[in-house]
Amino acid sequence: MQLRGSPHSHMPIWVENAPKYTGLQTDEKTRLEIVIFCDKYITTRSPSIEEDPELHNIIKEVQTHSRNHSKSCLKYHKTMCRFGFPRPVARPTFICEPIKPTNDEEKEHCKEIKKILTEMNAKMNLLEKEKV
């Protein structure tokens, strides 16, 4: 259990008849099957306050990364959450794999992406602080 009383576990699970991910070798058809399978059982949707006020408030209180970041969040970066929160919402489910640049052009591209994400995160943090 986490401090907030929420069940929490990091573990692999094996699901009978689930599509199998084989890393970078996984073909597009299988990737799509995996996404469809995950979407069938996992959701990021939370009820609106009108639908279910009690559940809405519980989720907002204990399952949302706090605007008041803890000491742990700011441990190394001091001003920005080291876990990258707030994060932009990803509408579609996707399989995220590490990028391993193999040449100078790809390395430069990765640096530019990191710079853009850092700037975006800083702006999201500013917006978050303004809401408090």
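Each residue of the sequence shown is one higher than the one before, starting from 1 at the first, in the numbering used here.
C-beta: ideal position from N, C-alpha, C; glycine also.
Bear in mind that the values here come from a model prediction, so they are computed numbers and not experimental data.
Excluding sequence positions up to five before and after residue 17, its CB lies less than 8 angstroms from no other CB in the same chain. Take the alpha-carbon of residue 70 and the one of residue 60: they are about 16 angstroms apart.
By the criterion of a C-beta distance shorter than 8 angstroms, residue 95 is surrounded in its chain by 21, 26, 31, 34 and 35, once the five residues flanking it on both sides are discounted. Here DSSP, grouped into helix, strand and coil, assigns residue 84 to coil. Look at residue 61 here: in three-state DSSP terms it is helix. Remark: three or more beta-carbon pairs, one from each stretch, lie closer than 8 angstroms, so the segment 113-128 and the segment 78-97 are flagged as touching. Along the length of the segment 14-41, whole alpha helix (DSSP H) runs at least 4 residues long occupy 28-41, reported in chain order.
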